[in-house]
Amino acid sequence: MNNHLLKLEQELAIARARVTSPGPVAAGGEAVAAAKLLLQAAREDQDREGLQRTPERFAKAFVHLCSGYQKTARDVVGEGVFAAEGKGLVAVREVEFYSLCEHHMLPFWGKASVAYYPHELILGLSKIPRIIDLHARRLQVQERLTESIAADIVDLIGPRAIVVQVEAQHLCMMMRGVEKQGSSTTTETVRNVAGVSQDELQRLYASLK
């Protein structure tokens, strides 16, 4: 093992030793050391002008992209839960998001839509995008992202029925593997539908089109 690689591994070990809780500062230190190791693996000259601050820039971006681990849905919703004044459906459509695939740590991005029938409580409209971002800013698979959004909303307000749809494009399918450009993946979950009629369920789906 050459001295440069040994030094980088020592830096990574030191960063890990500093971690007492999964906070953003500690994670940033680890990400800087990890980025240096990646540049070493690419056989790049880390002293050239374009790469001198790349580890720090990478770490800042990575900590942001994984910031969803630092909070829960109750944290991001706060006091944004209100008494329902009616039983009509609520739909928030095509909320843009970006995330990182947990298999290759490559980006995927798309739009998430949520429709639900309230029971006794509703969410402030801005809180649904916050819940989506909370889960998107973690290492994810699209299926779990979809289920997690629905699960949090069910836990927070107990709707009579809810549908969550996510459509996304994955760089792990576009840059590597099958290399299919422009393909998209759609996932969906439906919960608590036993308490609504077939007509109500159809209106719920129609609201997302």
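Under our numbering, the first residue of the sequence shown carries the number 1411, and numbering increases by one thereafter.
The beta-carbon is built from N, C-alpha and C at its ideal position, and this holds for glycine as well.
- Between H1580 and H1545, the alpha-carbon positions lie close to 16 Å from each other.
- Here E1440 is buried, its C-beta having at least 16 other C-beta atoms within 10 Å.
- Counting only residues of its own chain and dropping the five nearest sequence neighbours on each side, E1598 has a CB closer than 6 Å to the CB of Q1575.
- Within the same chain, Cβ atoms closer than 8 Å to the Cβ of A1493 are found at E1530, L1531, I1532, the five residues on either side in sequence being excluded.
- Counted as a single uninterrupted DSSP element, the alpha helix (DSSP H) harbouring H1545 occupies residues 1537–1546.
- When the five nearest sequence neighbours on each side are left out, the beta carbons in the same chain lying within less than 8 Å of the beta carbon of W1519 are those of E1506, F1507, Y1508, S1509, A1578, Q1579, in order along the chain.
- In this structure, L1499 sits near A1525, with a CB-CB distance shorter than 9 Å.
- A direct Cα-Cα distance of roughly 12 Å separates R1547 from S1558.
- Judged by DSSP secondary structure, K1470 falls outside any beta strand (DSSP E) and instead within the alpha helix (DSSP H) spanning 1464–1475.
- For the set D1457, R1463, G1478, the Cα lying nearest the Cα of L1549 is the one of G1478.
- Beyond the five residues adjoining it in sequence on each side, A1571 comes within less than 8 Å, by CB distance, of Y1526, Y1527, V1600, R1601, N1602, V1603, G1605, V1606, E1610, L1611, L1614 in the same chain, given in chain order.
- Per DSSP, reduced to three states, the secondary structure at T1596 is strand.
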